[in-house]
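A.B. asks:
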Ligand SMILES: NC(=O)c1ccc[n+]([C@@H]2O[C@H](COP(=O)([O-])OP(=O)(O)OC[C@H]3O[C@@H](n4cnc5c(N)ncnc54)[C@H](O)[C@@H]3O)[C@@H](O)[C@H]2O)c1
């Protein structure tokens, strides 16, 4: 019996869009790439799409809407930029397609699949946060499951080479959207996010540092176990996701408080988690784990939405 397919379109033929297209094509899941849409006729992503037999257009979202088979498309991934996504959403919101936003536009609710996908399975527009958010929000959520996180701060370092013009245009949106998701999805009471584009050559692997401040003492073994279980769940869809060293705990007592400029003295525990993401090299080489963590999260989300839409089942 022929497997039911769930046609999807990708807008944005740059680093993220091209990596995503290759992942969808290589996946044994229900998604089928119905179209690859860009605005740069000379882009490598559109050329690859055509060479792989995928319908391609360089006329932007208008080109997608004008395609005779647009009515078959069930879901559109947007991998352009936050500003472009706002315009695309205005045009797509009155159609029947679901939209998965891979930019940090933050129009729809945030989705970090291992933490809250089931809460938003029917959202018309779902925001996939950022690469840093997909890497670090699960860790903050894991710590918060074991001990109340009063503050979370993350630093994501990615290679300059893996950040296309769309990423560079969205640095402010990255910090704001990631920091908000650390609270709304991760559960932290306050948060901050920092991104570093590292120009080193050869390029560096994507690395992330997560600091969580936990009031008072906490059960170290419970925090470690919660983080280990979460890492395990993320590696099911991003195999190159791993801790680079054991979880670190530092206690600040009344005799040696931590001074925080915005809030003053902190007495409690600082949990530090360091992780890296090695990419699957579907498009860029393995250093670009920042592509994988986003495109793998988006693929896993879309496959779950497809299963839900086609059968109406819940996990
Ligand atoms: N590179 C990363 O590590 C990464 C990770 C997660 C999320 N993101 C986000 O993904 C988005 C894309 O990042 P990128 O690094 O792939 O950038 P990129 O510049 O390589 O890709 C963006 C592509 O979108 C195309 N485009 C721009 N406006 C368009 C429009 N109106 N219609 C159709 N196509 C349009 C551009 O021509 C380009 O090909 C950004 O919002 C970024 O913040 C990037």
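In our numbering, the protein residues as written are -2 to 312.
Think of the CB as a built atom: it goes at the ideal place given N, C-alpha and C, for glycine as much as any other residue.
Since this is a predicted model, take the numbers as computed values, not measurements.
With a cut-off of 8 angstroms, do at least 3 Cβ pairs link the stretch 141 to 161 to the stretch 215 to 228?
C.D. replies: Yes, the stretch 141 to 161 is in contact with the stretch 215 to 228.
A.B. asks: Between residue 317 and ligand 1, is there a pair consisting of the residue's CB and a ligand heavy atom that are separated by less than 7 angstroms?
C.D. replies: Nothing can be reported for residue 317: it is not among the residues displayed for the chain, which extend from -2 to 312.
A.B. asks: What do you reckon, is the C-beta of residue 134 under 7 angstroms from a heavy atom of ligand 1?
C.D. replies: For the purposes of this step, residue 134 is taken as the residue at position 137 of the chain shown. Checking every heavy atom of ligand 1 against the Cβ of residue 134, none is found closer than 7 angstroms.
A.B. asks: Return the first residue and the last residue of the beta strand (DSSP E) that residue 131 is part of.
C.D. replies: Here residue 131 refers to the residue found at position 134 when the chain shown is read from its first residue. Unbroken run through residue 131 is the alpha helix (DSSP H), 128 to 143; no beta strand (DSSP E).
A.B. asks: Once DSSP output is grouped into helix, strand and coil, what is the label at residue 311?
C.D. replies: Your numbering for residue 311 matches position 314 in the chain shown. The predicted model places residue 311 with a pLDDT of 45, which falls under 50 and marks its position as unreliable, so this point remains unresolved.
A.B. asks: So the beta strand (DSSP E) residue 149 belongs to, where does it begin and stop?
C.D. replies: Walking along the chain shown from the start, residue 149 turns up at place 152. 146 to 156 is the span of the beta strand (DSSP E), which, as asked, contains residue 149.
A.B. asks: Please report the straight-line C-alpha distance between residue 49 and residue 258, rounded to a whole angstrom.
C.D. replies: Position 52 of the chain shown, counted from the first residue, corresponds to residue 49. Position 261 of the chain shown, counted from the first residue, corresponds to residue 258. Their Cα atoms are separated by approximately 54 angstroms.
A.B. asks: Is it buried or exposed, residue 110, if we count other Cβ atoms within 10 angstroms and call 16 or more buried?
C.D. replies: Along the chain shown, one-based indexing puts residue 110 at 113. With 16 or more other Cβ atoms within 10 Å, it is buried.
A.B. asks: Compute the distance between the beta-carbons of residue 129 and residue 153, then report whether it is under 8 angstroms.
C.D. replies: The residue labelled residue 129 in the question sits at position 132 within the chain shown. The residue labelled residue 153 in the question sits at position 156 within the chain shown. It is a contact, given that the beta carbons lie within the stated cut-off.
A.B. asks: Considering only residues of the same chain and omitting the five flanking positions on each side of residue 293, which have a CB-CB separation below 6 angstroms?
C.D. replies: Here residue 293 refers to the residue found at position 296 when the chain shown is read from its first residue. If we look at residue 293 and ignore the five residues flanking it on each side, its Cβ neighbours are 234, 235.
A.B. asks: For residue 261 and residue 45, what's the separation of their Cα atoms in angstroms?
C.D. replies: If you number the chain shown from 1, residue 261 lands on position 264. If you number the chain shown from 1, residue 45 lands on position 48. Between residue 261 and residue 45, the C-alpha separation is close to 54 angstroms.
A.B. asks: Report all residues from its chain with a CB closer than 7 angstroms to the CB of residue 312; omit the five preceding and five following residues, and keep chain order.
C.D. replies: Counting from one through the chain shown, the residue named residue 312 turns up at place 315. In this prediction, residue 312 scores a pLDDT of 40, lower than 50, which makes its location untrustworthy; no coordinate-derived value is stated.
A.B. asks: Following the continuous beta strand (DSSP E) through residue 94, name the residue where it begins and the one where it ends.
C.D. replies: Here residue 94 corresponds to residue number 97 of the chain shown, with the count starting at 1. Where residue 94 is concerned, there is no enclosing beta strand (DSSP E), given that its DSSP letter is neither H nor E.
A.B. asks: Say the cut is 7 angstroms; is the CB of residue 153 nearer than that to a heavy atom of ligand 1?
C.D. replies: Residue numbering aside, residue 153 sits at position 156 when the chain shown is read from its first letter. Residue 153 Cβ: outside cutoff for every heavy atom of ligand 1.
A.B. asks: I'd like the span of the beta strand (DSSP E) that includes residue 64, first residue to last.
C.D. replies: By one-based count along the chain shown, residue 64 stands at place 67. Looking at the DSSP string, residue 64 is not in any beta strand (DSSP E), and its letter there is neither H nor E.
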